[in-house]
Amino acid sequence: MQESIQEKILNKIDDTADLYKGAHNIRSNGESVSRNTTRNITVKSKEDKYGLDVIVNDNTKNESVHVPVIVSNVNAKDKVYNTFKVGENCEINIVAGCGIHNCTAQKTEHEGIHDIYIGKGSHVKYIEKHYAESDGKSQKIFNTKTIVEVHEDATFEMDVVQIKGVDNSKKELNIKLHKNAHLIITERMFTDEEQVADSKVNIQLVGEDSSAQIVSRSVAKDSSRQTFYFMMKGDNKSRGHIECDSIIMDKARVTSIPALDANCEDAELIHEAAIGKIASEQLMKLMSLGLTEKEAEDTILKGFLK
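If you read the sequence shown in this note's numbering, its first letter stands for residue 4, the second for the next number, and so on.
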């Protein structure tokens, strides 16, 4: 039974068809249950704390490393430190999902601290999915802190998704971009019931011709609360754009706090934010096609978060 639960969670947070083909480490309830190292990507345990050192050789192309975490023990608190060192001129994907299953009234918590170093000329796509499920009134908690340094001519793409079931989450992301380095972040979040989610993003454009683009979309239902804090600092000739859109429903609350700090006359920084309900015209159009109001709402929300 335990194995089937973990397999179900793994399918929610990762692509199991690709997971076992290359470099990976599956962490379940604090222990590594499957690990593989390739010729170009080394995955090994840290010597001084719980976590991984992932080392990607220069010129590694078209490879992926998967490091999913599963927590299914009752009243567990899982904490992991992962360091990713990507060499120069690489093209790789990093998949780092986390899933919790808790069917009791107790608390289960995962805390992840990630350091990511991206070498010159490399292109890294980082995918992080958070998912939780339960049969009762348990607390499922996710706290993550990610520090990224993107070196000259490198690109970092980040896709962060909070799928469902997470009662409390705090995400902190700090990224430094060097000369001609580029950043693309897509964040999608869904909360309902009395869930609370805080997302804090700090971007520092230190290099000439560096750029950052952030698109955040969220849906808040019932009595849930979401807070977004975006800080973008331009210390050189650079471009930055933040777009934060949220749909609010029922008695939910959404707060978006922008902060732009330009220390160079050639820094171009933009922040756009919109919070609102589903447009009645959209509902009416779908209902005229035969959908119920609930089906129309679900269709709109699914498209918004896609």
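For glycine and all other residues, C-beta sits at the position ideal for the given N, C-alpha and C.
Once DSSP output is grouped into helix, strand and coil, what is the label at methionine 4? Indexing the sequence shown from 1 puts residue 4 at position 1. Residue placement at methionine 4 is poorly supported in this model, since its pLDDT is 35, which falls under 50; the coordinates still yield a value, given next. In the structure shown, the three-state DSSP call for methionine 4 is coil.
In angstroms, rounded to a whole number, what distance separates the CA positions of phenylalanine 231 and alanine 215? As a position in the sequence shown, residue 231 is number 228, starting the count at 1. As a position in the sequence shown, residue 215 is number 212, starting the count at 1. Approximately 17 Å, taken between the alpha carbons.
On the three-state DSSP scale, how would you describe lysine 288? The sequence position of residue 288 within the sequence shown is 285, counting from 1. If DSSP states are grouped into helix, strand and coil, lysine 288 belongs with the helices.
Closer than 8 Å is the cut-off here; do at least three beta carbon pairs connect the stretch 35–43 with the stretch 118–134? The stretch 35–43, when compared against the stretch 118–134, does not touch it at the 8 Å Cβ threshold.
What are the start and end residues of each continuous beta strand (DSSP E) run of 3 or more residues lying completely inside the stretch 184–259, in chain order? If only complete runs of 3 or more residues are kept, the stretch 184–259 shows the beta strand (DSSP E) at 185–194, 199–208, 213–223, 228–237 and 241–251, in order along the chain.
Which residues does DSSP pair with glycine 279 in a beta bridge? Counting from one through the sequence shown, the residue named residue 279 turns up at place 276. Answer by DSSP bridge pairing, in chain order: Ile250.
Output needed for alanine 276: all residues of its chain with C-beta closer than 6 Å, excluding positions within five of it in sequence on either side, in chain order. Translated into positions along the sequence shown, residue 276 becomes position 273. Taking C-beta separations shorter than 6 Å and ignoring five residues to either side along the sequence, the partners of alanine 276 in its chain run Cys247 and Ser259, following chain order.
Own chain residues within Cβ distance below 6 Å of lysine 148, not counting five before or after: To locate residue 148, count along the sequence shown from 1; it is residue 145. Counting only Cβ-Cβ distances below 6 Å, and skipping sequence neighbours, we find Ile116 and Glu175.
Assign aspartate 21 to one of two classes, buried (16 or more other C-beta atoms within 10 Å of its C-beta) or exposed (fewer than that). Mapped onto the sequence shown, residue 21 falls at position 18. Aspartate 21 comes out exposed.
Kindly examine the ligand NAD and report whether one of its heavy atoms sits closer than 7 Å to the Cβ of serine 137. The ligand NAD is absent from the structure shown, which contains no ligand whatsoever.
Glutamine 306 in three-state terms, based on DSSP: As a working mapping, residue 306 is identified with position 303 in the sequence shown. In the sequence as presented, glutamine is not what sits at residue 306; that position holds glycine. The answer is helix: DSSP assigns glycine 306 an H, G or I state.
Going by Cα to Cα distance, which pick from Met235, Gly279, Ser75 and Leu180 is closest to arginine 220? On the sequence shown, position 217 is the one that residue 220 refers to. Checking every option, the nearest Cα to that of arginine 220 belongs to Gly279.
In three-state DSSP terms, what is threonine 63? Position 60 of the sequence shown, counted from the first residue, corresponds to residue 63. Coil, per DSSP.
Within 10 angstroms of the Cβ of valine 46, are there 16 or more other Cβ atoms? Answer buried if so, exposed if not. As a working note, residue 46 is residue 43 in the sequence shown. Buried: at least 16 other Cβ atoms inside 10 Å.
Go ahead and pull the three-state DSSP assignment for alanine 20. Position 17 of the sequence shown, counted from the first residue, corresponds to residue 20. Note: alanine 20 maps to helix in three-state DSSP.
Neighbourhood of histidine 185 by C-beta distance below 6 Å, restricted to the same chain and skipping five residues each side: The count along the sequence shown starts at 1 and reaches residue 185 at position 182. Answer for histidine 185: Thr158 and Ser214, listed in chain order.
By the DSSP assignment, the beta strand (DSSP E) with glycine 115 in it spans what residues? Taking the first residue of the sequence shown as 1, we reach residue 115 at position 112. Its beta strand (DSSP E) spans residues 110–121.
For glutamate 131 versus glycine 100, is the C-beta spacing smaller than 8 Å? The residue you call residue 131 lines up with position 128 of the sequence shown. The residue you call residue 100 lines up with position 97 of the sequence shown. Yes, they are a contact pair.
Can you tell which of Val59, His69 and Asn32 has its C-alpha closest to the C-alpha of tyrosine 326? Residue coverage of the chain in this structure runs from 4 to 309, which leaves residue 326 outside it and unanswerable.
Any idea which residues DSSP pairs arginine 42 with across the strands? Here residue 42 refers to the residue found at position 39 of the sequence shown. Answer is none; arginine 42 lacks a bridge partner.
What's the C-alpha gap between arginine 228 and valine 169? Taking the sequence shown and counting its residues from 1, the one referred to as residue 228 is at position 225. Taking the sequence shown and counting its residues from 1, the one referred to as residue 169 is at position 166. Just so you know, the alpha carbons of arginine 228 and valine 169 end up roughly 12 Å apart.
Given a cut-off of 8 Å, decide if leucine 272 and methionine 235 are closer than it, judged by their beta-carbon atoms. Start at 1 with the first residue of the sequence shown, and residue 235 comes out as number 232. Start at 1 with the first residue of the sequence shown, and residue 272 comes out as number 269. Yes, the pair counts as a contact, with Cβ atoms nearer than the cut-off.
Beta bridge counterpart(s) of glutamine 142 as assigned by DSSP: On the sequence shown, position 139 is the one that residue 142 refers to. Per DSSP, Lys110.
Pairwise C-alpha distance: glycine 237 and lysine 24: Taking the sequence shown and counting its residues from 1, the one referred to as residue 24 is at position 21. Taking the sequence shown and counting its residues from 1, the one referred to as residue 237 is at position 234. Straight-line Cα distance between these residues: approximately 41 Å.
Going by other Cβ atoms of all chains shown within 10 Å of its Cβ, with 16 needed for buried, is isoleucine 16 buried or exposed? The residue you call residue 16 lines up with position 13 of the sequence shown. Buried, since its Cβ has 16 or more Cβ neighbours within 10 Å.
Whole angstroms is fine: what's the gap from isoleucine 44's alpha carbon to asparagine 60's? Working through the sequence shown from its first residue, we reach residue 44 at position 41. Working through the sequence shown from its first residue, we reach residue 60 at position 57. When rounded, the distance between both Cα atoms is 6 Å.
Helix, strand or coil for asparagine 266 per DSSP? Within the sequence shown, the letter at position 263 stands for residue 266. Correct three-state label for asparagine 266: coil.
For alanine 26, which three-state DSSP category applies? Along the sequence shown, read from residue 1 onward, the residue named residue 26 stands at position 23. Alanine 26: strand per DSSP, three-state reduction.
Buried or exposed: glutamate 190, going by 16 or more other Cβ atoms within 10 Å of its Cβ? To locate residue 190, count along the sequence shown from 1; it is residue 187. Glutamate 190 sits buried, since 16 or more C-beta atoms from the chains shown fall within 10 Å of its C-beta.
Check whether leucine 55 and lysine 64 have beta carbons under 8 Å apart: The sequence position of residue 55 within the sequence shown is 52, counting from 1. The sequence position of residue 64 within the sequence shown is 61, counting from 1. Contact annotation: leucine 55 and lysine 64 have beta-carbon atoms that are not nearer than 8 Å.
Secondary structure at aspartate 81, three-state DSSP: helix, strand or coil? Within the sequence shown, the letter at position 78 stands for residue 81. Note: aspartate 81 maps to strand in three-state DSSP.
So, for histidine 27: in the same chain, excluding its five sequence neighbours on each side, which residues have a beta-carbon less than 6 Å away from its beta-carbon? By one-based count along the sequence shown, residue 27 stands at place 24. Asn39 and His69, listed in sequence order.
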